[in-house]
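> The structure under discussion is supplied below as structure tokens; questions concerning it will follow.
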Amino acid sequence: MINYLKKVIRFRKRKKNSGKERPEARQETDAAFFGELENDLGLLRGAIAESSDLIIRTFIFGRQIKAAIIYIDGLTDKELISETILKPLMYRTDGNPLPEKVDLEYVRAELLFTGSIDTKKSLKDVVSHILSGDTALLMDGAAEALVISLRGWKTRGIQEPQTESVVRGPREGFSETLRINTSLLRRKIKNPDLKFETVTIGERTHTDVCIAYIDNLAKPELIEEIKRRLNKIEIDGILESGYIEQYIEDAPYSIFSTVSNSEKPDKVAAKMLEGRAAILVDGTPFVLTVPMVFVESFQSEEDYYSRPFFASAIRLLRFIAFLISILAPALYVALSTFHQELIPTPLLLSMAAAHEGVPFPALIEALVMLLFFEILKEAGVRLPRPIGQAVSIVGALVIGEAAVSAGLIGAPMVIVVAVTAVSSFTIPAQTDSGTIMRFVLLLLAGLMGGFGISIGLFAILIHMASLRSFGIPYLMPLVPFDRSGFKDTFIRAPLRSMTKRPRGMATDEIRRRNASSPSRQKEEPPKVSSSEDSG
Amino acid sequence: MKTGSRMMKTVQCFVMIVCLCGCMNSRELNELGIVMGVGIDKGDESGTVRITAQVVKAGEIASTGKNSGGIGGKAYVNFTDTGNTVFSAVRDITTQSSRKLYFPHNQVLILGRSAAEDGVTKYLDFFMRDPETRLNVYILVADGSAEDALATDPQLEKIPASAISKLVEGEAKSTSQAMAVELKDFKDSLMVKTNAPVAPIVEISDDGEKKTAKINGTAVFKGDKMVGALDKTEGRGLLWVLGKVEGGIIETTSSQGNPVSLEIVRAKGKFSPELVDGKVKITITISEEGNIGEEAGTENLTALPEVAFLEKQKGEVIKNEVTAAIKKAQELHADIFGFGESIHHKYPEEWKAMKDQWDELFSEIEVEVKVEAKLRLSGRISAPAVPK
Amino acid sequence: MRLEKGVITNTQLMFLILSFMEFMVMSVNFVYSICGADAWIAVLAAYAVTMLVAVGYAAIAKSYPGKNLVEINDVVFGPYLGKLFSALYLWFFFEYMIHIAYYFNSFWLTYIMTETPRAVFVILLIFVCAAAVRSGIEVIARCSMVFAIMVPIMAVFAAALLLKDMKLFHFLPILDLPPKDFIQSVHIILTIQFCDIVVLLMILPYAEDNNKIRKPLLIAVSLGAALLLFTVLMSTAVLGARMNNSTSVTFAITREIDVAKVLTRLDVLIAITLLITVFVKVAVFYYATVLGLAQIFKLRSYKPLIVPVGILAIAISANLYPSDMEQVYCARYIWPFNASLFEFILPAITLIAIGVRSLTGSKKERNG
Amino acid sequence: MIVFLIAAFAVILIVEVPAMIKKRQWRELAVYSVLMAIAIAVSVMYVLDLNVPNPVKNSQYTVKGLAEYLFGLSYD
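Residue numbers (the numbering used here), protein chains in the order written: chain W, -16 to 518; chain Z, 455 to 842; chain L, 441 to 808; chain F, 49 to 124.
In structure tokens:
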């Protein structure tokens, strides 16, 4: 035991030390160039580990000027490199004699054909550019490097996202490349105020993380807060936006997520237009948006594309489905083991008949069935699609038919679990929290019946009421009540009538939409009021 | 990190509490003996009570389906036991039954004739007090013993108790000759001193092979003791006054003396008391609407004079029924209509003096019956199908 | 130093008060057996008195904006007498809290789960309330907003289903009881149903706009009274004479609901209502007790006191009375006097003292 | 039962006391200890089925007695 503790302490010390050392080590690499190609290349070779995809191509142009381009194979467009760097330098210098003194500025101004060129002095910058896919040009006699952006790598095209498919609405989704993603957003919001701010996070991965917002719409405090939280992240690698999410969320130990994510540019753009900020991470199509409120999970972008009556009905349906998905097994167990008097007599008789001869208590029955359902779901998700289908068929057969006819499980329980399962798929954003709540409520119901369920729901409500996401109360349009936000909660009011943004989200609460509806001209004048629940 | 550790501790505490106090009251469905009907009889020894509880066999209920191996098995069991009180008898049944009796789904409460005449308060208290029992069970009086009534053989239902409860409902809806009385209504009348509770009577007819139950007549209580019964006509008379007639047939004759059946579609009835020179006068107003249901003769009933005649006849029948009921009630000195309460509501001051001698006052009360009976529809044909 | 940093808007305050008062829908039983069908008149009379009392409470709170009852006592009566007063009030709050917990417990034991050990319901109730108290007044206020709306919805729902069972003649004859019984029932309604809002003096200062607290207070009291009146009228119309010997009238009427044998057995409505109302009530009393204690002892945070006070409440309320009959007796014959001391007499003294102080003090214009 | 109770109290104390010591809230700790001692005593008595002295009821009867004595108010 003591030995173990000692080990832990030693390990922690070492971790601390190593954390201190690393920045120093980096600083050593941040040397200046000498101005001699051989030495400079040596410097670079020292900075970047020997690797088979690092290409250093030395050549001579003009009057015996030695030069070299350095790039990473696979991250650059090789055609373009030979067309726009090597060709002009080596061809043109043949015929037209160069002036006596050739410096980097001349090369840049007169010789190269490419658009984005930068001059960098520090080795560190150059290295990081090379690693990001840029091409560096070093030249004898210049203590600087030209960084030419000729990035080009194989990417997945803009495809329809797998997670959020729609019947009506744009089909494009974000992809893994940050630039493409920002361009998708820029194409949706052609506004000079749209702003992207990039920070680099991850001591080893140097991942670009980009905060996107509309400058005079998003609250400055919100942007400050996001930056503060992003800067506090200390991690060696960011591989997906989930990493960021878990570091910046308000309540890391809550079952509810206080950061929402989406794969669809139109959804993210809509949220930014309400005053939210988006966080794009290089390497993943999932874009985070903050702040998130609970009802956001029930809003789908398609609600706004279809007409309000049907959209409202679907909204309500989602709320009901969510309730069913967390409550149905618990209610069934509570009713059938504690409150049989609440079941109508004929139903009770058929339930009792179905339960006759079932060897397990209802609670165990429900737990086993739900567990099996979760396993089935997990198996179906991870497997290749054809096999996944086989799994679900086998599972459905086993649960639905065999278990009942063998008398192991009552038929009503199968129905309840099936209804639960189907309902749980309607709210993808709350699947995780919903699953946990379902099991907790089920246990409470099995132990204490309706009282247990109510106590569980109370605890959940209290917890949700105490949550905040970047200063916004998690249950926002409901409590504290907000009329303009409420129009977009249980129902989706007609777009014309939603003249205001939800309270507390944006600096400017009036939607620009109201200008487009002539019948609403006599609407009250724009009123900018700061809400008491913000910050 | 701080909030996190606190969360974890809270969760730990919660789990501990739940485990400490959980699992107290749960009963699986297959541990319940669902009681569908209860019969109360006077025990053989004086002061004892004999309880019959009809418990469903859930497995048999579902046996209509594919595996109907156990056909012929009854879907119910009757447990009978005697005790000094209802509750002790109920608890004694547990010694015979493998499952705990479960009362919330009880459909009917049948009082044996002897028990009803003995005074029912002591038998019913358990059913009003216990949290498991409900007040919306039908209360009936058996012609003989309640035990026999629960042992009848229903033709369409699987369980006698639910058959009887459906009989009661059907009786109230389609013939209106006996009132469907729930325990709560019974309790309502019991709690008012001058009111006399009523309950339908269930009769057991035995043709040697099969015993069947049918509703026949209404038992009249005085205080909590059964003192007499109304027959079917008088029973409908009571319902006319209370405005509870929902359907039924009025048999009368046409102007030529052929029998005609008139269907009751809707009816209203109310009464209001009046004090004239210190004497009570009750005015009962009944309005009824109906259709021609059937005729046995050949004349055209849709002729207007004939309609007027039939309406008059009908009013006469209704009036006779009401008068018969009142006469019977006055004979029994039982205020089954609640005339006393209506005087209490209208003349609270005078009532204080009348309250104690209401029994005598009631039997010589003057009643005026006003009936307005209408015929609305003739049915699908006008004149009967006879050659002209 | 303020122990509570949360701020609630005046609208939230109104909903908090309303949901706080909604418990009276459940606890109104004690008067039925005394005044029967005339309970609704007693409610109206009690409401009239309550409006006066509420104006008095608001005056106390407004005379020292931003200070709660304990702090006001300190200022008005000086550190020692003030502490004594505050201690008395806190005792009353604590007492009230465990009474409600006991009522809640015995309700579940009588009607729904009869075989469960006594302490279970109280333990879980106090546990949930403790979680709410720990999260502060803001969270209680936010939850109460949801609850405040749910109870009237359920009442209206029940009324709609019971419409066919209502009989107007159940109200007749009007005022058919001796005056003493009537006064007693008004007194009971006043002390149990209405005037426990004295505890709000601990919360009013956390409202956003301290100078306008009278309006939400009076609106909430009126809405609460309307709800109570609605319930009383509904149960009288439905139950009539049977009301006199039901141990829970509200529960009895939901058991009456029977729409075509389908919409029936809605006891769960009542169970939920009870849970909601008791939760808010206990949470507010709990909060007031703990906060007041912390202020008396000049602590930096009230949070450490939550657990011990909660355990005390559980241990005492689990068998507060040897039987329910004793509780009913107590509610009818003893509690009205006990509560009068804290709900009328002590606040009246405070109000007079404030008045005297403002007359003798430099600020003569101050509203007393 | 008593074992569970003691375990529960032990857990509560272990959770709460160090936090207060860490924050140097001595005053809080003092009040907390006194209240907790009473609470433990009462709940142990409750669990052991001892006759818990009920301060609430006593105080109520006292107040009622006072009211009766001083003003002659009573409903019986």
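For glycine and all other residues, C-beta sits at the position ideal for the given N, C-alpha and C.
Please tell me whether Lys70(F) has its Cβ less than 8 Å away from any Cβ of chain L.
Not one chain L Cβ lies under 8 Å of Lys70(F).
> Which same chain residues end up closer than 6 Å to Ser416(W) when comparing Cβ atoms and leaving out the 5 residues on each side of it in sequence?
Around Ser416(W): Ile238, Phe239.
> Can you pull the DSSP bridge partners for Lys210(W)?
Beta-bridge pairing links Lys210(W) to no other residue.
> Looking at the secondary structure, which residues open and close the alpha helix (DSSP H) in which Pro776(L) lies?
Per DSSP, Pro776(L) belongs to the alpha helix (DSSP H) from 775 to 780.
> For Thr102(W), count the other beta carbons within 10 Å of its own beta carbon; 16 or more makes it buried, fewer makes it exposed. Which is it?
Exposed is the call here.
> Give every residue of the same chain whose Cβ lies closer than 6 Å to the Cβ of Met680(Z), excluding the five residues on either side of it in the sequence, and list them in chain order.
Correct list, in chain order: Ala570, Glu571, Ala673.
> What are the boundary residues of the alpha helix (DSSP H) that Cys583(L) is part of?
Taken as a continuous stretch (DSSP letters only), the alpha helix (DSSP H) holding Cys583(L) covers 577 to 602.
> Quick one: measure Cβ to Cβ for Ala740(L) and Glu76(F), integer angstroms, because I've assumed they're closer than 8 Å.
Note that residue 740(L) is Arg in the sequence shown here, rather than Ala. Contact holds; Cβ gap of about 7 Å.
> Does Leu610(Z) have its Cβ less than 8 Å from a Cβ in chain W?
No - not a single Cβ of chain W is within 8 Å of the one on Leu610(Z).
> So, does the CB of Ala58(F) fall closer than 8 Å to a CB anywhere in chain L?
Chain L contact via Cβ: absent.
> Residues of chain C with a CB under 8 Å from the CB of Ser741(Z): which are they?
In the displayed structure, chain C is absent; the protein chains listed are W, Z, L and F.
> Secondary structure at Met490(Z), three-state DSSP: helix, strand or coil?
Note: Met490(Z) maps to strand in three-state DSSP.
> Runs of 4 residues minimum, wholly inside the stretch 559 to 588 of chain Z: which ones carry the alpha helix (DSSP H) assignment?
If we require 4 residues or more, the alpha helix (DSSP H) runs fully inside the stretch 559 to 588 of chain Z come out as 567 to 572, 575 to 583.
> With distances taken between CB atoms, is the gap from Phe463(L) to Ile540(L) smaller than 8 Å?
Yes, Cβ-Cβ distance for Phe463(L) and Ile540(L) is below 8 Å.
> Using 10 angstroms around the beta-carbon of Gln282(W), count the other beta-carbons present and answer buried if the total reaches 16, otherwise exposed.
Gln282(W) is buried by the Cβ-count criterion.
> Output the residue ranges of the beta strand (DSSP E) runs that lie fully inside the stretch 3 to 70 of chain W and measure 3 residues or longer, sorted by chain position.
Counting only runs of 3 or more, we get 37 to 44, 48 to 55.
> Counting only beta-carbon separations shorter than 8 Å, does Val796(L) have a partner in chain F?
By this cut-off, Val796(L) is not an interface position.
> With 16 as the cutoff for other CB atoms within 10 Å, does Lys483(W) come out buried or exposed?
Classification of Lys483(W): buried, given that the 10 Å Cβ count is 16 or more.
> What residue range does the alpha helix (DSSP H) around Ser503(L) cover?
It spans 479 to 503 - the alpha helix (DSSP H) in which Ser503(L) sits, taken as one unbroken run.
> Taking the alpha carbon of Ala581(L) as the reference point, which residue from Met454(L), Ala793(L), Glu766(L) has its own alpha carbon closest?
If we check each option's Cα against that of Ala581(L), Met454(L) comes out closest.
> Quick check on the DSSP output: the beta strand (DSSP E) that includes Cys193(W) runs from which residue to which?
It spans 190 to 197 - the beta strand (DSSP E) in which Cys193(W) sits, taken as one unbroken run.
> In the DSSP output, what is Ser105(W) paired with across the bridge?
BP columns for Ser105(W) point to Ala15(W).
> Just verifying my parser: in three-state terms, what is the DSSP assignment at Asn712(Z)?
Coil.
> Which residue's Cα is closest to the Cα of Ser148(W): Ala32(W), Thr409(W), Asn214(W)?
Checking every option, the nearest Cα to that of Ser148(W) belongs to Thr409(W).
> Quick check: what's the CA-CA separation for Leu621(Z) versus Ser675(L)?
So the two alpha carbons sit approximately 30 Å from each other.
> Would you kindly report the start and end of the unbroken alpha helix (DSSP H) that includes Met73(W)?
Taken as a continuous stretch (DSSP letters only), Met73(W) belongs to no alpha helix (DSSP H), as it is neither H nor E.
> Mind checking Thr556(L): buried by the 16 CB within 10 Å criterion, or exposed?
Under this definition Thr556(L) is a buried residue.
> Measure the C-alpha to C-alpha separation of Thr790(L) and Gly506(L) and round it to an integer number of angstroms.
Their backbone Cα atoms lie some 17 Å apart in a straight line.
> Measure the C-alpha to C-alpha separation of Thr549(Z) and Glu499(Z) and round it to an integer number of angstroms.
Cα-Cα distance, rounded: 21 Å.
> Measuring straight from C-alpha to C-alpha, what distance separates Ala499(L) and Leu669(L)?
Each residue's alpha carbon lies about 26 Å from the other.
> When burial is assigned at 16 or more other CB atoms within 10 Å of the CB, is Pro608(Z) buried or exposed?
Pro608(Z) comes out buried.
> So, is Ser512(W) buried or exposed, given that buried needs 16 or more other C-beta atoms within 10 angstroms?
Bear in mind that a pLDDT of 43 at Ser512(W), under 50, signals an unreliable position, so the model cannot answer this.
> Go ahead and label Asp219(W) buried or exposed: buried means 16 or more other beta carbons lie within 10 angstroms of its beta carbon, across all protein chains shown.
Answer is exposed; the Cβ neighbour count stays below 16.
> Do the stretch 492 to 507 of chain Z and the stretch 348 to 356 of chain W touch if we need at least three Cβ pairs shorter than 8 Å?
The stretch 492 to 507 of chain Z is not in contact with the stretch 348 to 356 of chain W.
> Going along the chain, which residues of its own chain have a beta-carbon closer than 6 Å to the beta-carbon of Gly522(L), five neighbours each way excluded?
Around Gly522(L): Asn513, Asp514.
> How is Asp616(L) classed by DSSP in three states: helix, strand or coil?
Three-state DSSP puts Asp616(L) in coil, outside helix and strand.
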